[in-house]
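This note's numbering puts the first residue of the sequence shown at 70, with every later residue one more than the last.
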Amino acid sequence: MSIANTSSITKTILRMMLILVVIAIAGQLTVEDTTAQRSDDPRFGVVNAFRAPDAAYSSGASWELITLRWDQLQPDGPTDWNATKATDQWLSNARTAGREVVAELVGTPAWATDGELGSGVPRGLYLPIDNPNNIWANFVRQAVGYYGVQGIDRWVIWEAPDVPADAYGSLWDGTTEDYYQLVKVAYLVIKKSNTNARVHLGGVTDQNPAWFNRFLEVIIDDPTAAANDYYFDVATVHVFFSAEQIYTLAANPIFLMGRQGIPVKPVWINHTNARPGVDPEVYPEDNKFRQHPNITLEQQAAYIIHAFALGFAAGAERIAIYQLADDLDSDGEQAFGLVRSDGDPRPALSAYQLAVEHMSGFGLVRRVDEEAHPLIEYVRFTSASKVVHVAWAHTAQNATLIIPTRSKQANLYDMEGNQWLLDPEGGVYRMVVGGADCNDPTTVGGCLIGGMPWILVEEGVKDPLYEAAPSVSVDPGGVLPTPDPGPLLTATALAMPTLTPTATDIPTEEAPRLIEEPTQEAAAEAASTEETTEEPVPTEEAATLEPTPTNPPGTGVGPKGFAAVLPYLLIGLGVVAIGGGAWYFLVGLKQPSSHPSHTVQTQEHEPPELNQAESSYTAETQEHEPPEFDDQDPSTAETQTNLPKI
């Protein structure tokens, strides 16, 4: 074989090897990029994301709630319009980050009402929407026109309309009929401006369990309601501190709409959280809240998982955590944030990310609440080929959830993100959950918040959406895997691409009036007077086995399949390519040039300059009326203000 032919073959081999290397590297990059993708599930939201832009991005939230106050946009008269560039910039940034923005309209200006500033019924409310003296209609029309073109298509009408006008923390001084008229006017104006827009009711608390049913009766009495889809698209719930109340309050509107013959609308939970009472980084050492004073940072993180699991199981379409970052001034010196005001993450941010990672994409969700399982709360999320089991202890006792296997192996996660690969034991997975810290002095038994949740993920399950799930059982006791969940949970923040937050001065406004805290008595009354919509679950016989120690599961899972062998393939290809190149070079030295007089001209090619635009996060600083809660002592039922003792 001639040297020329050898050279030609060598070049061909090297080209093929180079192509293989490029394909392999591209495949590796594809694998890495896929694992870094954020969830597109629209069900996970946060309130006031503008306070912490990087945390908003890293959380994985797909939607956010902001408040547009009428008394700030038009403080002195109908010709005012104090829209800020900060708000406009934030809406642009939210669109860039892929989050939907939902706007809440609240707060009557003094000039627009004969009642109280912020909560009074607007003058002219019962006039036709085209009458210039219906000033609420005029404001809604202007707000929708201005912010609608910036991407806002969902409008929440007021907040906490169920809190009585004479109660502490009231945000609405009108009657139920007045609130219905407020919603009706807004609905007609908004739909006339944008037929694709959606109108949400203001968030209902547990202050008056009978309120929502009364509201539906007012709607039914309106002969024009049915022809206008009953003048709302989404019902809204606010609930704090008690995950059990989340299930009750979210299921209640669904049940009542069905009972009243109104087509069942989606239900959203716009506000939920459990404010930690213990945080040395924020509170003084001697700080002591009168209401739920002992909630730890870890319990707040556990509540985030509890809230998403039970809220979705109750039928909530979307859930938002109140709020992303601390706002101590507006929240009565209470730190509700997933992150602190300086952006330092709490364990709750890691819990939020964990929920987004494992609960996203579910097709079915069910709370398995059988009498045989009094020790454990268990929620099952099912998608096309995956089943996610979320469980935590109800009491201070450890317990073991026994799950018949539907997969060859499963991954177990704790709240720190530790991961174990589980093999079935006798055809079941044994999922041990640790007892709760029952440390709340205002709750019977002290177990306001359950134990640390554990998540078991089965993948590669055949047709889980169409096959009946096997019944689970529970054993008391059990030994947690090693390492045990520790006191520190950390969140890994992801840098937001091309978006750099900039500080913005917070505009001043009068101190907000806060909503009273949900009471145990109100929750019990709601649970006893209203039926739930939970589907029946076959009753299983209680397990009577002795507590069985669980051997520590195996180590974490490494890459599998192509991803596992890819690094070795790349190394092998690289060695062959280098060896082939060296051989070709040596052969080339012996080969005479066919064009000795030809000179190859090398041109310098400068790469094009890339102008990477930097969007600046300018924090919108509208104050949001958070729910504040009554410090109701169960023994005295005396309403107290919810301010910390410092």
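Glycine included, C-beta positions come from ideal geometry on N, C-alpha and C.
- Residue burial is scored here from C-beta neighbours: Asn117 has at least 16 other C-beta atoms within 10 angstroms and is therefore classed as buried.
- DSSP, read as helix, strand or coil, puts His269 in strand.
- With a 10 Å radius around the Cβ and a threshold of 16 neighbouring Cβ atoms, Tyr535 comes out exposed.
- Annotation: the continuous beta strand (DSSP E) that includes Lys455 extends over 455–462.
- Around Val457, the same chain offers His427, Phe450, Val526 as residues with beta carbons nearer than 6 Å, after the five sequence neighbours per side are excluded.
- For Gln276, the CB contacts under 6 Å within the same chain, skipping 5 residues up- and downstream, are Asp231, Val232 in chain order.
- Cβ-Cβ distances below 6 Å link Asp149 to Gln143 in the same chain, with the five nearest sequence neighbours on each side left out; the list follows chain order.
- Taking C-beta atoms as the reference points, Ala304 and Leu251 fail to come closer than 9 Å.
- Taking 4 residues as the shortest admissible run, the stretch 224–263 contains the following complete alpha helix (DSSP H) segments, listed from N- to C-terminal end: 245–262.
- The beta carbons of Val175 and Glu228 sit about 5 Å from each other, so the pair counts as a contact at 8 Å.
- If you ignore the 5 residues before and after Val190, its C-beta comes within less than 7 Å of the C-beta of Thr182, Gly184, Asp242, Gly243, Asp247, all in its own chain and listed in chain order.
- Note that the C-beta distance between Ser454 and Glu528 is below 9 Å.
- Burial state of Lys477 is exposed, judged by a 10 Å Cβ sphere holding fewer than 16 other Cβ atoms.
- In terms of Cβ geometry, Ile374 and Pro522 form a close pair [threshold 9 Å].
- Ala279 sits exposed, since fewer than 16 C-beta atoms from the chains shown fall within 10 Å of its C-beta.
- By the Cβ-count criterion, Ala537 is exposed, with fewer than 16 other Cβ atoms from all chains shown falling within 10 Å of its own Cβ.
- Three or more beta-carbon pairs drawn from the stretch 338–346 and the stretch 365–382 are found closer than 8 Å, and the two stretches are therefore classed as touching.
- Per the C-alpha coordinates, the member of Tyr300, Arg415, Gln314 positioned closest to Lys334 is Tyr300.
- When the beta-carbon positions are compared, Leu491 and Ala479 come within less than 9 Å of each other.
- Contact check for Pro550 against Val501 passes: the beta carbons are separated by less than 9 Å.
- When DSSP states are grouped into helix, strand and coil, Ser542 belongs to the strand group.
- Residue environment for Gly406: buried (at least 16 other C-beta atoms within 10 angstroms of its C-beta).
- Here Thr551 carries a coil assignment [DSSP, helix/strand/coil].
- DSSP places Pro191 in the strand class (E or B) of the three-state scheme.
- Across the structure, Gly547 and Ala266 are spaced so that their CA atoms are roughly 51 Å apart.
- Under DSSP, no beta-bridge partner is assigned to Val218.
- Looking from the CA of Val497, the closest CA among Pro539, Asp413, Pro201 belongs to Pro539.
- Under the three-state reduction of DSSP, Asn202 is assigned to coil, being neither helix nor strand.
- Ala212 has its alpha-carbon roughly 15 Å from the corresponding atom of Asp199.
- Look at the beta carbons and you see the stretch 122–133 touching the stretch 161–171: at least three pairs across the two are nearer than 8 Å.
- Closest in alpha carbon position to Asn467, among Val448, Pro443, Leu481, is Pro443.
- Under the DSSP assignment, Pro473 falls in the beta strand (DSSP E) whose first and last residues are 468–473.
- Linking Ala462 to Ile323 through their CA atoms gives a straight-line distance of about 27 Å.
- Residue burial annotation: Val254 is buried, with at least 16 other C-beta atoms found within 10 angstroms of its C-beta.
- The beta carbon of Ile390 lies closer than 6 Å to those of Val115, Asn342 in the same chain, with the five residues before and after it left out.
- Remark: C-beta atoms of Gly129 and Ser429 approach each other more closely than 9 Å.
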